[in-house]
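For the numbering used here, add 104 to where a residue sits in the sequence shown, where the first one is 1.
Backbone N, C-alpha and C define an ideal beta-carbon position, used for all residues, glycine too.
On a predicted model such as this, the values are computed, not experimentally measured, just so you know.
Have a look at the structure below, then the notes.
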Amino acid sequence: MELINKPMKGLLYIATFVMLFSCNKNETSRPVDLVYPQMGSAWSRWFYFSSACRPFGMVSLFPDTKIDGEWKSGYRYGVDTIRDFSHIHEWQLSGVAVMPVTFTDENRDSIFADWSSVFSHQTETVKPGYHSVLLERYQIKAELTATNRVGAHRYKFPENTKNGVVFQLSKQLGPAELIEGGFKQTTENEITGFMVNSPTMRRPKPTTVYFCARFSQPIKLIHLSTAHGISPSTEWKGENGNILVEFNENLDEPLLMKVAVSFTDEAGAAKNLETEMPGWDFNQVAQEADNHWNDMLSRIEIEGGTEQQQRRFYSDLYHAIMGRRIISDADGKYADLTGPEKIIRQLPLNEQGKPKFNMYNSDAFWGAQWTLNTLWQLVYPEVAQEFCNSFLEYYKNGGLIPRGPSGGNYTFVMTGASSTPFFVSTWQKGIRGFDINLAYAGLKKNHLPGGMMSKVGYEHSTTNGGGLEWYIQNGYVPYPLSDTIYGSHQDGAAITLENSYQDWCLAQLAKLLGKMDDYNTFIQQSDNFKNLFNPELGFMIPKDKSGNWKTPFDPLLYDNGFIEGNGAQYTWFVPHNLPALFELLGGADSAISRLNREFELTREFGFCNEHPEKEAFTGLKYVNDRRTWINYSNQPNSHAAFIFNHAGAPWLTQYWSRTVVDSVFSGLSPYLGYQGDEDQGLMGSLAVLMKMGIFQMSGGCGEDPLYELGSPLFDKVTIHLQSEFYQSPAFTITCNGNNSNSPFIQQATLNGQPLKTVWFKHSDINKGALISLKMGSKPNTTCFNK
């Protein structure tokens with residue numbers, strides 16, 4: 105594309121396995137029915153896929169086809185063998201894997217060696233809240249659904265067979281080895297038990313998952329398999345053990361099984377079971393799960409676009425509210441593992457005796473300033489508020505606000521203080537149901553030596569890898585910082601840029617709270633990005649301790665001072681002060697020309713640098729060694745298309761944001777999803793925001809936060825706002841003349857008045873905003889004031 109006015113070209117996909125859907129408008133389907141959970145599941149990470157679960161639910165129940173390791177495990181679409189149905193698919197955690205089986209007296213013992221079964225996608229039904237499949241080896245129809253903390257199973261066994269359910273209490277399961285386990289038969293139709301997740305590089309302490317399983321039929325016998333052999337048993341605790349729970353032959357009705365889980369103890373699991381699923385109505389629970397998902401997804405209503413675009417949109421939104429999960433019990437008890445010993449703590453209760461909020465387990469909020477921050481605070485503000493309260497519990501217990509906790513403990517995943525933009529933007533948008541003074545104290549601690557900024561990824565026992573003291577004293581984090589490896593992502597240039605932005609975010613909160621000394625300190629440090637800019641080469645370049653630029657410097661070299669990116673991509677990482685960056689680059693016009701050229705150079709690679717396998721499905725080239733100028737398969741470059749807005753060329757934001765959506769976020773098959781790590785809603789929420797045509801460059805951390813326009817994909821988008829947090833019932837964007845060849849805004853109004861800039865305020869949304877856009881096939885370079 106030329107700098108200004110060549111019309112947009114569609115990207116040709118050569119996708120042998122792409123699912124084809126009707127191009128007719130579909131404006132009557134329920135959002136839950138449009139979700140395609142198997143999207144991208146051919147490249148699954150342990151927690152990426154989900155089916156039988158609730159939004160943010162502790163239980164995430166589905167078939168595992170690969171169970172070895174964290175990566176490329178869980179439900180892998182291209183693998184035709186089910187290893188188990190497991191209930192815990194969380195950041196660094198697994199647990200309670202079961203498998204219904206049939207057997208004879210002669211082959212019963214061999215079940216323990218291999219209980220897996222081949223299956224076919226032809227006999228499988230997958231939707232949010234429900235999964236069914238035929239296990240071909242046993243001819244068992246298995247159905248799964250869930251409440252927040254209970255997995256519900258319905259198994260239809262064939263006639264004239266011995267029937268049972270295997271419980272895996274040990275051995276590898278996804279990201280952790282189950283190093284110890286146990287069970288006890290407590291009644292004629294109930295067992296309780298536990299399994300211990302081994303420590304991992306990311307989660308340094310063992311973490312126990314407890315369960316209570318109840319059956320609709322009486323237990324006939326329990327067979328225990330250990331290193332000492334196979335024998336009947338009603339209770340056991342130890343290593344390398346699994347059990348087969350046997351039932352009577354020729355069951356007249358399907359076997360129902362309810363499995364509640366907890367991180368506190370077996371009593372907590374039993375209480376979760378009684379609270380959330382006291383009865384046996386599987387269909388009712390499945391319908392409630394379906395309704396729950398539909399209610400959450402229906403908070404955004406879209407009109408227009410093709411059926412495939414609508415299905416992909418709600419599949420993206422599904423991911424945005426699916427991966428980060430509750431770890432507290434229904435009564436508010438939770439396991440605190442931040443100290444040397446596990447402590448069972450109690451969340452505060454409301455007047456009805458219910459927890460005021462939940463505790464959560466999640467991957468990092470690294471990159472969430474452009475994704476989850478905006479989406480959750482607009483559409484799911486109660487969730488944003490709960491996460492803030494949850495993270496403050498970690499602070500009270502362990503002394504730090506986390507950036508990605510696992511099982512009640514810190515993981516120190518990624519770098520910086522990624523929770524700071526989340527807290528600040530939540531508060532700035534009027535979501536204030538948490539203690540802001542306590543939050544500020546914790547956030548400030550993270551920005552000082554000894555806090556989160558002092559630690560790089562998975563730096564559990566030291567506070568050296570982040571180089572924070574050097575950053576404060578010298579204005580940058582050197583690369584290399586030390587010969588000692590303290591953790592992952594010890595990349596000084598990226599850390600300097602992240603710290604600068606996060607310091608700016610904290611400065612905004614300090615100013616709001618009247619802490620002007622802190623404001624002056626952090627706002628000054630927010631300019632530290634300038635110390636990495638090499639005016640001769642025109643890039644952000646790592647410096648060593650002597651202040652020397654890294655030589656030779658290759659802007660496309662991955663990592664090497666940068667984190668999951670390169671110097672070309674990170675040079676644009678100044679979301680809080682783009683005018684200063686443009687000045688360094690020679691002015692706004694120079695920045696526009698350069699960034700536009702970088703998008704052009706990356707077009708043939710589909711704006712991604714992941715997955716060589718994608719060539720077979722997209723027709724795009726795979727770039728060796730991740731050498732791309734622009735990358736939308738990870739978070740550091742998520743803002744790139746919207747930089748044009750700030751340089752005075754909004755038509756290029758409109759063009760490139762729509763082009764990226766078409767290229768990266770439009771596929772709908774098991775082989776096309778996010779072309780990289782989706783990271784528990786980070787990329788799903790980015791896709792949703794880009795398709796709605798809204799973005800927040802500074803992460804919503806300024807006073808009365810600004811939003812900006814891109815190029816909405818649909819004719820109409822309505823966000824149904826939550827009355828507890830917003831004065832208006834809805835925020836609506838309409839597009840007249842919108843189609844695949846008309847990405848450019850010709851005219852814009854806000855509540856009937858001309859909108860002369862690409863920006864609008866959070867207060868506009870709060871009071872009730874209707875943005876009306878007229879779209880066209882050619883850029884209107886005078887639509888918005890510069």
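Is it the case that the Cβ atoms of residue i and residue j are separated by a distance below 8 Å?
| i | j | result |
| --- | --- | --- |
| Ser522 | Ala597 | no |
| Phe271 | Ile171 | no |
| Ser832 | Lys871 | yes |
| Met518 | Trp470 | yes |
| Trp574 | His680 | no |
| Gly268 | Phe315 | no |
| Glu407 | Phe835 | no |
| Val821 | Ile404 | yes |
| Gln628 | Ser604 | no |
| Trp147 | His193 | no |
| Arg730 | Asn713 | yes |
| Tyr623 | Lys615 | yes |
| Lys878 | Gln850 | yes |
| Gly511 | Thr311 | yes |
| Ala424 | Val792 | yes |
| Gly297 | Leu325 | no |
| Phe526 | Gly561 | no |
| Phe461 | Leu355 | no |
| Ala439 | Phe351 | no |
| Glu240 | Ser220 | no |
Taking all protein chains shown into account, decide if residue i is buried (16 or more other Cβ within 10 angstroms of its Cβ) or exposed.
| i | result |
| --- | --- |
| Thr211 | In the sequence on display, residue 211 carries Asn and not Thr. Label assigned to Asn211: exposed. |
| Pro659 | buried |
| Leu552 | exposed |
| Ile447 | exposed |
| Ser618 | Correcting the residue identity first, residue 618 is Gly in this sequence and not Ser. Flag for Gly618 reads exposed. |
| Lys559 | buried |
| Val764 | buried |
| Asp433 | buried |
| Val222 | exposed |
| His593 | buried |
If you reduce the DSSP assignment to three classes, tell me which class residue i lands in.
| i | result |
| --- | --- |
| Trp574 | helix |
| Lys129 | Summary for Lys129: the model assigns pLDDT 43, below 50, so the residue's position carries little reliability; its value from the coordinates is reported in the next sentence. Lys129: coil per DSSP, three-state reduction. |
| Asn109 | Caution is warranted here: a pLDDT of 33 is assigned to Asn109, below 50, making its placement in the model unreliable, and the coordinate value is therefore given only provisionally. Reduced to three states, the DSSP call for Asn109 is coil. |
| Ile589 | coil |
| His743 | coil |
| Gly872 | coil |
| Ser466 | coil |
| Asn638 | strand |
| His680 | coil |
| Gln272 | strand |
| Trp474 | helix |
| Phe864 | strand |
| Glu294 | strand |
| Arg416 | helix |
Comparing the C-beta of residue i with each C-beta of chain D, is any distance below 8 Å?
| i | result |
| --- | --- |
| Lys878 | In summary, chain D is missing from the structure at hand, where a single protein chain is found. |
By Cβ distance below 8 Å, which residues in the same chain neighbour residue i in space, the five residues on each side in sequence not counted?
| i | result |
| --- | --- |
| Ser329 | Asp213, Phe216, Gly345, Asn346, Ile347 and Leu348 |
| Met143 | Arg416, Ser419, Gly771, Leu772, Ser773, Pro774, Leu776 and Gly777 |
| Tyr544 | Leu613, Ala614, Leu617 and Lys619 |
Residues in the same chain with beta-carbon distance under 6 Å from residue i, minus the five sequence neighbours each way, listed in chain order, please.
| i | result |
| --- | --- |
| Ser126 | Only weak support is given to the placement of Ser126: the predicted model assigns it a pLDDT of 35, under 50, and the value that follows is read from those uncertain coordinates. So the list reads Glu411, once near-sequence residues are dropped. |
| Phe677 | Leu601 |
| Glu378 | none |
| Val122 | Its pLDDT being 35, under 50, Val122 is placed unreliably in this model, and the coordinates cannot settle the point. |
| Ser761 | Ala745, Met794, Gly814 and Ser815 |
| Trp480 | Val487 and Ala488 |
| Glu281 | Ser302 |
| Val202 | Phe189, Val269 and Phe271 |
| Ile875 | Ile837 and Leu854 |
Here's a check: name, in chain order, each residue in its chain whose Cβ is nearer than 7 Å to the Cβ of residue i, leaving out the five neighbours to either side.
| i | result |
| --- | --- |
| Phe538 | Gln489, Cys492, Asn493 and Leu496 |
| Val389 | Thr249, Thr251, Ala256 and Met381 |
| Trp397 | Val136, Pro159, Pro232 and Gly233 |
| Tyr179 | Ser145, Ser148, Phe153, Phe166, Pro167, Asp168 and Thr169 |
| Trp340 | Gly286, Phe287 and Leu328 |
Measuring CB atoms only, is the segment 784-792 touching the segment 157-173, in the sense that at least three cross pairs come out at less than 8 Å? The segment 784-792 is not in contact with the segment 157-173.
Would you be able to state if there are at least three C-beta pairs under 8 Å between the segment 729-741 and the segment 657-674? The segment 657-674 and the segment 729-741 touch, with no fewer than 3 CB-CB distances between them shorter than 8 Å.
Is it true that the segment 352-369 meets the segment 273-280, where meeting means three or more beta-carbon pairs spaced less than 8 Å apart? Fewer than three Cβ pairs drawn from the segment 352-369 and the segment 273-280 lie within less than 8 Å of each other, which leaves the two stretches out of contact.
Within 8 Å, do at least three Cβ pairs link the segment 795-805 to the segment 742-758? Judged by Cβ distances under 8 Å, the segment 742-758 makes contact with the segment 795-805, as three or more pairs qualify.
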